[in-house]
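Residue 123 in the working numbering sits at position 115 of the sequence shown, and the numbers go up by one each step.
The beta-carbon is built from N, C-alpha and C at its ideal position, and this holds for glycine as well.
All values reported here derive from a predicted model rather than from experimental measurement.
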Amino acid sequence: MQLDNTDRRLLEIIQRQIPLSSRPFADIGVELGIGEGEVLERLRRLQEAKIIRRIGGFFDSRKLGYTGTLCALQVPRDRIEEVAAVINAYSEVSHNYLRTHEYNMWFTILAPSQSEVERVMEEIKARTGIDSVLSLPAERLFKIRVKFNVSEVPDAE
């Protein structure tokens, strides 16, 4: 997908901060000089092209009283899609990805209590039939904020 200057500016705006208003995409449109509908259509195209994976807020879950853990499973290659579908069905799961490792499927669980985290892990074990789940709660918290400067990316030729 070719990005024009408006796409690039839009990507920088949504990385910086989405306005807190009743019509944030209309506000972004004003900044870009386009209508709200065009902003939404561009975002849809960027999501379909997998340039944008997610649009949403980030919260300090610990300050909100939540607890979480990073989990890892050993999933047979022929069951990856099936097991991923089970895991991804839980609203408590925020990330799920494959790694080249003996434990090849890694995901995070975030819930209001440790007992809820354990309940979700137990349900995943029961529903997948995979008993060995590594639970790796964070010992230290690292927050990395990355912003991509897409306006300086040269056009593909």
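Closest by CA to residue i, which one among the options?
i: Ile36; options: Glu147, Ser123, Asp15, Ala134; result: Asp15
i: Lys58; options: Gln10, Glu147, Leu142; result: Gln10
i: Glu20; options: Ile60, Arg31, Arg52, Glu56; result: Ile60
i: Leu144; options: Met129, Ile26, Gly64; result: Met129
i: Tyr98; options: Asn157, Leu142, Leu118, Glu147; result: Leu118
i: Gly76; options: Leu28, Arg148, Ser29; result: Arg148
i: Pro27; options: Val141, Asp86, Val125, Ile63; result: Ile63
On the CB-based measure, 16 or more other CB atoms within 10 Å of its CB, does residue i come out buried or exposed?
i: Met113; result: buried
i: Glu89; result: exposed
i: Gly65; result: exposed
Considering only the beta carbon of each residue, do residue i and residue j sit closer than 8 Å?
i: Leu48; j: Phe33; result: yes
i: Pro120; j: Gly73; result: yes
i: Ile22; j: Val91; result: no
i: Val101; j: Thr116; result: yes
i: Leu18; j: Arg52; result: no
Completely contained beta strand (DSSP E) runs for the region 57-117, where each covers 3 or more residues: Whole beta strand (DSSP E) segments, 3+ residues: 75-81, 101-106.
Three-pair Cβ contact test at 8 Å for the region 75-84 versus the region 131-139: Segments in contact, yes.
How do the region 101-108 and the region 37-44 stand: do at least 3 beta-carbon pairs fall below 8 Å, yes or no? Touching, no.
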